[in-house]
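Counting from 1, position 104 in the sequence shown corresponds to residue 104 in the UniProt record's numbering; the numbering is continuous, with no gaps. No residue lacks a Cβ here, since even glycine has one placed at the ideal position from N, Cα and C. Here the structure is laid out as structure tokens; the discussion comes afterwards.
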Amino acid sequence: MIKRTKDIKHEKFRKKHHLFRIAPIALAVNSMLMLSGCGKEQIIHAKVYKNERQCIAENPNLADVCKTTYKNALIEAQKTAPKYSTRRDCEEEFGTNSCRHVTNYIPIKTNNNRYRGFEWMPSMNGYLMPVSNKKPLGYTPIFTSTAQNSPAYGKFVDAAGRSYGKNIFNQTIKVDRSVFTPKPETTSTIKRGGFGELVKRMAANPNFDDKTDSITSKKNNRLYNRSSRSSYRSYGG
1 MIKRTKDIKH
11 EKFRKKHHLF
21 RIAPIALAVN
31 SMLMLSGCGK
41 EQIIHAKVYK
51 NERQCIAENP
61 NLADVCKTTY
71 KNALIEAQKT
81 APKYSTRRDC
91 EEEFGTNSCR
101 HVTNYIPIKT
111 NNNRYRGFEW
121 MPSMNGYLMP
131 VSNKKPLGYT
141 PIFTSTAQNS
151 PAYGKFVDAA
161 GRSYGKNIFN
171 QTIKVDRSVF
181 TPKPETTSTI
191 KRGGFGELVK
201 RMAANPNFDD
211 KTDSITSKKN
221 NRLYNRSSRS
231 SYRSYGG
């Protein structure tokens, strides 16, 4: 009969086993920290300006940048702002005297031989510009509503329906870098109340902060498209 040795050193085997168990955990923790760090890097500070004069007053050394970003923001607003078939529809959401005619569009002939195109859009109230040690060339047009029944009432919102808090100029807010990514051109009109629903949907998203954009919602884009009355092509600058 073979006798079993009682002097086996079990600790040698246990130590090796623990080493293999600890290593994956350490890697997972490191990965989480790295991902967390990357997320924080996407949040930047931005300034809310009413126009180029306000920007220049605070940044006299960046006068050219202020002029360029303001001009580009106006062009961006022309291209991406929600469009309405009537002034009444637009003012229902943005308030009396808060909308204007859309310029530089080509009318589209419909089946009933009438020519129609984009008619009205909210006036740009200001724009966001990133705060940076380098020359900040990013820009995002923002709008506000004076209609008390609108979800955008008293707030700054962009063309995608994101909210940036109270409509106070010259304030500094935190935003995601994606805020300054060019948005698609508006190619259809929206029904009355449609943009307000978009603002509410964006604000209700659990991943959305009132002053920090961290998502790009395909669902909200579908909502905007469903709210469209027609699909006339805009050729505005």
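Residue burial classification, residue i (beta-carbon count within 10 angstroms, cutoff 16)
i	result
Asn97	exposed
Met129	buried
Ser145	buried
Leu198	buried
Thr172	exposed
Ala23	For Ala23, the predicted structure reports a pLDDT of 45, less than 50, and the residue's modelled location is therefore unreliable. The matter cannot be settled from this model.
Gln78	buried
Ala73	buried
Ala57	exposed
Ser163	buried
Thr186	buried
Asn167	buried
Alpha-carbon spacing of residue i relative to residue j, whole angstroms
i	j	result
Arg100	Arg87	8 Å
Gly165	Lys155	5 Å
Phe169	Ser188	30 Å
Ile75	Asn59	22 Å
Asp89	Gln148	15 Å
Asn205	Val157	15 Å
Ile142	Ala159	7 Å
Ala63	Met124	20 Å
Cys55	Pro122	22 Å
Gly126	Arg192	23 Å
residue 295	Val102	In the structure displayed, the chain extends from 1 to 237; residue 295 sits before or after that span and is not available.
Asn61	Val131	14 Å
Per-residue DSSP class, three states only, for residue i
i	result
Arg192	coil
Val131	coil
Val179	helix
Lys50	coil
residue 254	Residue 254 lies beyond the residue range present for the chain, which begins at 1 and ends at 237; the question has no answer from this structure.
Ala152	coil
Ala160	coil
residue 317	Because the chain here runs from 1 to 237, residue 317 falls outside it and cannot be looked at.
residue 243	Here the chain comprises residues numbered 1 to 237, so residue 243 is not present and cannot be evaluated.
Identified DSSP bridge partners for residue i
i	result
Met121	Arg100
Tyr139	In the DSSP output, where bridge partners are listed per residue, Tyr139 has none listed.
Ile173	Ala46
residue 240	Because the chain spans 1 through 237 in this model, residue 240 falls outside it and cannot be assessed.
Lys67	DSSP, once it has assigned bridges, lists no residue as partnering Lys67.
Gly126	Ile142
Lys166	Lys155
Top-ranked residue by Cα proximity to residue i, from the options
i	options	result
Trp120	Gly95, Glu52, Ala57	Gly95
Glu92	Ala152, Leu62, Ala204	Ala152
Lys47	Lys174, Glu185, Leu198, Thr181	Lys174
Gly161	Tyr49, Ile190, Gly138, Thr172	Ile190
Tyr84	Tyr139, Gly196, Met202	Gly196
Glu52	Gln42, Ile44, Ile43, Thr69	Thr69
Lys183	Ile44, Gly138, Asp64	Gly138
Val179	Met124, Gly194, Thr140	Thr140
His45	Arg177, Gly193, Glu185, Ala57	Arg177
Tyr49	Leu62, Cys66, Asn61	Cys66
Gly194	Ser132, Ala81, Gln54, Ile43	Ala81
Gln42	Asn167, Thr181, Lys71, Asn61	Thr181
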